[in-house]
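Numbering (this note's numbering) for the sequence shown: 606 to 772.
Below is one structure, written out as structure tokens; comments come after it.
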Amino acid sequence: MSKNRYEYTTSPKKIESDNRPQKKNRRRELKIVQDLPRQEIKISKEQKRKQIKLTLLVIAIFALLLTISYRNSQINEKFSEMQSLKKELSSLEKENEQLQVSIENGLNLNNIEKLAKEKLGMQKLTNKQTLYVTLPKKDYVESVTEEVVIEEEKNWFEKIVDKIFNK
């Protein structure tokens, strides 16, 4: 085939050029680079610093993300705990309201009278059961004739001083 010839196919054929090195030479060159001992490859101090900075940056970012993740998990736990406490509070408030209604119904005099008649067998008093008592108009409160002496408690120092000087 000639170089200037036009091809009508969709996939043109590759033209080999003599400028490309052969694959065998590439492999040999790579082997030479791979076979170099580590001691002969020198890394500059600047490159070492960059590597250390990059490593520390990656560690710092990881620690930051770990901290954020931990805080989010704590926030989620507290939020779920708060929601459960809110549910418990609402149920206790409903129960409290129901108890208030039952107490108010129990304090109704008609209900008390009904329960007394049904459960305890009580009846209302009739005129025959009423007994009037006359009491003299004397006052039943007695006045205090004795004098009450209240002794205050003294601390240990005052007790010693009283014993010494009151002898």
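Where a beta carbon is used, it is the ideal one built from N, C-alpha and C, also for glycine.
Note that the structure is a prediction, hence the values are computed from the model and not measured.
Which residue comes first and which comes last in the alpha helix (DSSP H) that contains residue i?
{"i": "S689", "result": "650-711"}
{"i": "K724", "result": "No alpha helix (DSSP H) contains K724, which DSSP labels as neither H nor E."}
{"i": "V766", "result": "761-770"}
If I measure Cβ to Cβ from residue i and keep anything under 8 angstroms in the same chain, skipping five residues before and after, which residues do I get?
{"i": "R633", "result": "Any answer about R633 is weak, because its pLDDT of 49 lies below 50 and its placement is not dependable; what the coordinates show is given next. Nothing listed; no residue qualifies."}
I'd like to check one pair, residue j with residue i: are the Cβ atoms closer than 8 angstroms?
{"i": "N710", "j": "N701", "result": "no"}
What does a CB cutoff of less than 7 angstroms around residue i pick up in its chain, not counting 5 residues either side in sequence?
{"i": "R654", "result": "none"}
Excluding the 5 residues preceding and the 5 following residue i in the sequence, name in chain order all residues of the same chain whose CB lies nearer than 6 angstroms to its CB.
{"i": "I637", "result": "Because the pLDDT of I637 is 49, which lies under 50, any placement of that residue in the model is unreliable, and the number read from its coordinates should be weighed accordingly. Here the set comprises nothing."}
{"i": "E763", "result": "none"}
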